[in-house]
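Protein sequence lines, in the order shown, are assigned to chains F, C, L, Z, W and P.
Just so we're aligned: 157 in UniProt numbering is position 157 of the first sequence, and the numbers increase by one with no gaps anywhere.
Just so we're aligned: 59 in UniProt numbering is position 59 of the second sequence, and the numbers increase by one with no gaps anywhere.
Just so we're aligned: 34 in UniProt numbering is position 34 of the third sequence, and the numbers increase by one with no gaps anywhere.
Just so we're aligned: 122 in UniProt numbering is position 122 of the fourth sequence, and the numbers increase by one with no gaps anywhere.
Just so we're aligned: 100 in UniProt numbering is position 100 of the fifth sequence, and the numbers increase by one with no gaps anywhere.
Just so we're aligned: 144 in UniProt numbering is position 144 of the sixth sequence, and the numbers increase by one with no gaps anywhere.
Number of protein chains: 6
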Amino acid sequence: MRQSDQQLLTHLDREGAARMVDVSAKAATRRTAIAAGEVQMRPETLAAIAAGDAPKGDVLGTARLAGIMAAKQTANLIPLCHLLPLQMIDVRLDADPGLPGYQIRATVTTTAETGVEMEALTAVSIAALTLYDMVKALEKSVQIGRIRLLEKSGGKSGDYKSSDRNASS
Amino acid sequence: MRQSDQQLLTHLDREGAARMVDVSAKAATRRTAIAAGEVQMRPETLAAIAAGDAPKGDVLGTARLAGIMAAKQTANLIPLCHLLPLQMIDVRLDADPGLPGYQIRATVTTTAETGVEMEALTAVSIAALTLYDMVKALEKSVQIGRIRLLEKSGGKSGDYKSSDRNASS
Amino acid sequence: MRQSDQQLLTHLDREGAARMVDVSAKAATRRTAIAAGEVQMRPETLAAIAAGDAPKGDVLGTARLAGIMAAKQTANLIPLCHLLPLQMIDVRLDADPGLPGYQIRATVTTTAETGVEMEALTAVSIAALTLYDMVKALEKSVQIGRIRLLEKSGGKSGDYKSSDRNASS
Amino acid sequence: MRQSDQQLLTHLDREGAARMVDVSAKAATRRTAIAAGEVQMRPETLAAIAAGDAPKGDVLGTARLAGIMAAKQTANLIPLCHLLPLQMIDVRLDADPGLPGYQIRATVTTTAETGVEMEALTAVSIAALTLYDMVKALEKSVQIGRIRLLEKSGGKSGDYKSSDRNASS
Amino acid sequence: MRQSDQQLLTHLDREGAARMVDVSAKAATRRTAIAAGEVQMRPETLAAIAAGDAPKGDVLGTARLAGIMAAKQTANLIPLCHLLPLQMIDVRLDADPGLPGYQIRATVTTTAETGVEMEALTAVSIAALTLYDMVKALEKSVQIGRIRLLEKSGGKSGDYKSSDRNASS
Amino acid sequence: MRQSDQQLLTHLDREGAARMVDVSAKAATRRTAIAAGEVQMRPETLAAIAAGDAPKGDVLGTARLAGIMAAKQTANLIPLCHLLPLQMIDVRLDADPGLPGYQIRATVTTTAETGVEMEALTAVSIAALTLYDMVKALEKSVQIGRIRLLEKSGGKSGDYKSSDRNASS
């Protein structure tokens, strides 16, 4: 492996073994990450959720909570992630009739030595899986896609903003 | 909500409140589920993983293990899932230069009153997120997509096979 | 310690040390437990929840989900509990203007060698704590009380029904 | 929902959806919370615990440890709680022949952006449930009650002291 | 890798990748495993534990409970372990002045398709680490050793009994 | 119990009850701990791992990851441990033909009010157990031993270095 690759695959040590990156020399700064994803389904399935969700909101509410709780479990799920003190987690699910399905977006904030991209991506993924779980009796062909980082700010590596044109709409 | 919808959104009770479905009247039978997903990245990122992975295999090995371990956490992540005794979990990541990126596939088996679709989908999702985590210093625009159920067998609702043409290739 | 006490404090061995009771000689039978509890608050707090809960239902929905998820964590929280395959978990929160506050009730079902009283009681307790958490900015004097087993059926020790007159109303 | 309610139900956003409150603008200060609760039982049950507990102390010791460990799990149990670095957890169980039963008190300390009321209340609740678990073979009518916050100090919202007259005795 | 090795390293598939062994074709039978280990310390440390443990028993009681609770976490700690329904967990710590230190022994029982060796070994290991934790302010040179399987019964691979002469004394 | 013992058994309060030590008056400083242990096996078992590990590295890679992930679970496993923000975790397994078997070493870093000895020791223990799990079909007499603290730096109690002569080789 070339030296340059080695430095970039920061989770591998010089011999290629997995390790948890040392962040002790980095400053704790405020960091935010926004991730997104989508859950695609048949129009009838989308309509059933909209109808079923009316009285109590538990389909989307359950997915939202599952996403929030999963963000707090990120370091237990992603082997080389650091456990970070999350200061805010927000998960939104918006119906998108054009998909058809739901657009999911998660925003996570911390003040720490490393960023919260994985926490935001985990929140989106588990919210999507929970939505899948709640409608799978209706449709088995639901598909989860386009899970990606939209934005990230804070930290030495600089801010990032996805070129994805729907990122911040 | 119409009666028919209510029966299909099985995770909601008559009033629309979330609940864990009662499976006590169902027979415990052998059930298998296969799920898949893909992680799309730039060709250079794929090349760096291939190079970095050579000596010890820890990039793909870490993602694979994370997927296996996450399958066992499914009932803690997806609020209304039942905890099931998983008898086998297999997670594969295959490089796909045409994507470019990795195809991920997870197979899970149980003998239980309900199926293991969510376990297979969770394994794929967390394996994909772990792969993302390991290459995010190289590329932030990695995208996870096409997370879907390929096949499911066992149980009263019958077998399912995705019409996805790459499903069982 | 007298012999009779020793047999009744089944979680202690002959020397008084904690142990997990051996259930391997017991038959796996269907078992259900119903537990209840209440969360007492000022009338204004109850009114604010009712108002705030209208659009999306997330106050009560969050408490309900927390209770369901906690039931699945019982064996990790109560040191000497066995991990059981829960087949159904149902948690209800009903406003009680006379309290004033909420009545919480949890029903849990399994087919196992031992009962699910602790799972039902844990679901009630965590649902109550979650409700507390969501209103604590409004009122710090909210009080959780009367957490108790209402009914239990299945198993060799026979059925139990609380003499509590509100138990099954 | 009126604006004032919305601000007070801080766990709901403007649309009534659950969220984890953003604490990133708050200062990390030392905070303490003391919570209490009680476990009521028949005099014979209390006597059996006292007798059984003599040689090794495992009944009360098990409940105490379960409370301490549960405090560390609070953010995994209460969906919208922040994970906080707990600096001290103390759980006490004192026999109260007048109840008859046990008075439980938990004290938790942190230096963080938000308080530890939920951690103290969770410690009390799980210690109480563990006590219930250990005596349920003796008596099924054991009841857990009066779980409440006694005191809280630190943080911008000011100190709180329960008017409960037994609070600090 | 030779075929024979491959079959014996059952956690690796044909290509050497980690997997969770498929146990779905195996019968669920009653299985027991007994593991042991020891914690070696200076005589003064052993004496301090004995003295400190007298009034409440919390040093050894804490280690014992930690071992019991850890056994239930085995499948979350050991990546390729199956989650099994543990029917009994017993952990003992006995002072051994000749060591000097403590002998730890854990017995675990299940009725399942695979054995509970790892659960018994995990219980011993975490009980030993907890004992270490509780005395580390007294002595940092405490050493944990001889963690091994003493006996195993049930299952197709037959019973096993360690040749260790102190195994069953 | 003498006063001096009581002060040294810091996890016990004045009455001998277990408690989590209050670290709120201590300064958060950078702390590192290095722990080690060994896994002893027959020469043939060591040879089979070496052979089986060649193509993908998953035997040692799995043990390494399990150790890293377990370090993050320390506060959930060891009842009186504080949850600390781990900044780096490194786990190494080196074949030792003279043992024969593997030498395991874990290094953990934090910036916190208390040290990370238990995290390093937990990483070593779980890595060792995972190695055991992966070879137990080959040999049941594998033994884990010499789990000990090699070095610790940072904190008021001063640095520690084991007199163990192989400690830092």
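Ideal Cβ positions, reconstructed from N, Cα and C, are used throughout, including at glycine.
Note that the structure is predicted; figures quoted are calculated from it, not measured.
Residue-chain proximity (residue i, chain L), Cβ-Cβ < 8 Å
{"i": "W/LEU150", "result": "no"}
{"i": "C/ALA17", "result": "yes"}
{"i": "W/ASP159", "result": "no"}
{"i": "W/ASP164", "result": "no"}
Beta carbon proximity, residue i to chain C, threshold 8 Å
{"i": "P/LEU77", "result": "no"}
{"i": "F/ARG146", "result": "yes"}
C-beta atoms of residue i and residue j nearer than 8 Å
{"i": "L/SER24", "j": "W/THR111", "result": "yes"}
{"i": "C/ILE33", "j": "C/LEU149", "result": "The identity of residue 33 of chain C in the sequence shown is Ala, whereas the question assumes Ile. Yes. Within cutoff."}
{"i": "Z/LEU84", "j": "Z/GLU119", "result": "yes"}
{"i": "C/ALA106", "j": "C/GLY154", "result": "no"}
{"i": "F/GLY115", "j": "F/ARG19", "result": "no"}
{"i": "L/LEU138", "j": "Z/LEU9", "result": "yes"}
{"i": "Z/ILE147", "j": "L/GLN143", "result": "yes"}
{"i": "Z/GLU151", "j": "Z/GLY101", "result": "no"}
{"i": "L/ALA75", "j": "L/ALA123", "result": "no"}
Residue i in three-state terms, based on DSSP
{"i": "C/SER153", "result": "strand"}
{"i": "F/GLU117", "result": "helix"}
{"i": "C/GLY145", "result": "strand"}
{"i": "W/ALA18", "result": "strand"}
{"i": "F/MET69", "result": "helix"}
{"i": "F/MET41", "result": "coil"}
{"i": "W/LEU77", "result": "helix"}
{"i": "Z/LEU138", "result": "coil"}
{"i": "W/THR10", "result": "coil"}
{"i": "L/VAL124", "result": "helix"}
{"i": "L/LEU84", "result": "coil"}
{"i": "W/GLY164", "result": "Per the sequence shown, residue 164 of chain W should be read as Asp rather than Gly. W/ASP164: coil per DSSP, three-state reduction."}
{"i": "F/GLY61", "result": "helix"}
{"i": "L/ALA25", "result": "coil"}
{"i": "W/ALA54", "result": "Any reading at W/ALA54 must be qualified, since the residue scores a pLDDT of 43, below 50, and its modelled position is unreliable; the value itself is stated next. The answer is coil: DSSP assigns W/ALA54 none of H, G, I, E or B."}
{"i": "F/LEU99", "result": "coil"}
Closest Cα partner of residue i within the set the options
{"i": "Z/LEU121", "options": "L/GLU119, L/MET118, L/ALA106, L/SER125", "result": "L/SER125"}
{"i": "C/HIS11", "options": "F/ARG146, F/ASP133, F/SER162", "result": "F/ASP133"}
{"i": "W/GLN40", "options": "W/ALA95, W/ALA137, W/SER162", "result": "W/ALA95"}
{"i": "L/PRO97", "options": "L/ALA106, L/ALA48, L/ILE68", "result": "L/ALA48"}
{"i": "P/ASP58", "options": "W/GLU15, W/SER162, W/ASP22", "result": "W/GLU15"}
{"i": "P/GLY158", "options": "W/ALA50, W/ASP164, W/LYS140", "result": "W/LYS140"}
{"i": "W/ALA50", "options": "W/LYS161, W/VAL135, W/ALA128", "result": "W/VAL135"}
{"i": "L/THR45", "options": "L/LEU99, L/LYS26, L/ALA17, L/ALA35", "result": "L/LEU99"}
{"i": "L/CYS161", "options": "L/ARG42, L/ALA35, L/GLN73, L/ALA27", "result": "Sequence inspection shows Lys at residue 161 of chain L; the Cys mentioned does not correspond to that position. The residue with the shortest Cα to Cα distance from L/LYS161 is L/ALA35."}
{"i": "W/ALA127", "options": "W/SER163, W/LYS72, W/ASP164, W/ASP22", "result": "W/LYS72"}
{"i": "residue 240 of chain C", "options": "C/ALA17, C/ARG42, C/LYS156", "result": "Residue coverage of chain C in this structure runs from 1 to 169, which leaves residue 240 of chain C outside it and unanswerable."}
CB contact below 8 Å: residue i versus chain F
{"i": "L/LEU131", "result": "no"}
{"i": "Z/GLY67", "result": "no"}
{"i": "Z/MET20", "result": "yes"}
{"i": "C/ILE104", "result": "no"}
{"i": "L/ASP58", "result": "yes"}
{"i": "C/LEU9", "result": "yes"}
C-beta neighbour in chain P for residue i, strict 8 Å
{"i": "Z/MET134", "result": "no"}
{"i": "F/LEU99", "result": "no"}
{"i": "W/ALA48", "result": "yes"}
{"i": "W/LYS140", "result": "yes"}
{"i": "F/GLU117", "result": "no"}
Residue-level contact to chain W via CB, residue i, 8 Å cutoff
{"i": "P/MET41", "result": "no"}
{"i": "L/VAL23", "result": "yes"}
Within-8 Å CB hit, residue i to chain Z
{"i": "W/THR62", "result": "yes"}
Practice problem: Check whether the segment 71-91 of chain W touches the segment 94-114 of chain P, taking contact to mean three or more Cβ pairs, one atom from each stretch, closer than 8 Å. | Solution: Not touching, per the Cβ criterion.
Quiz prompt | At least three beta-carbon pairs within less than 8 Å, the segment 68-84 of chain W to the segment 57-66 of chain P | solution = As far as the Cβ criterion goes, the segment 68-84 of chain W touches the segment 57-66 of chain P, which means the pair count is three or higher.
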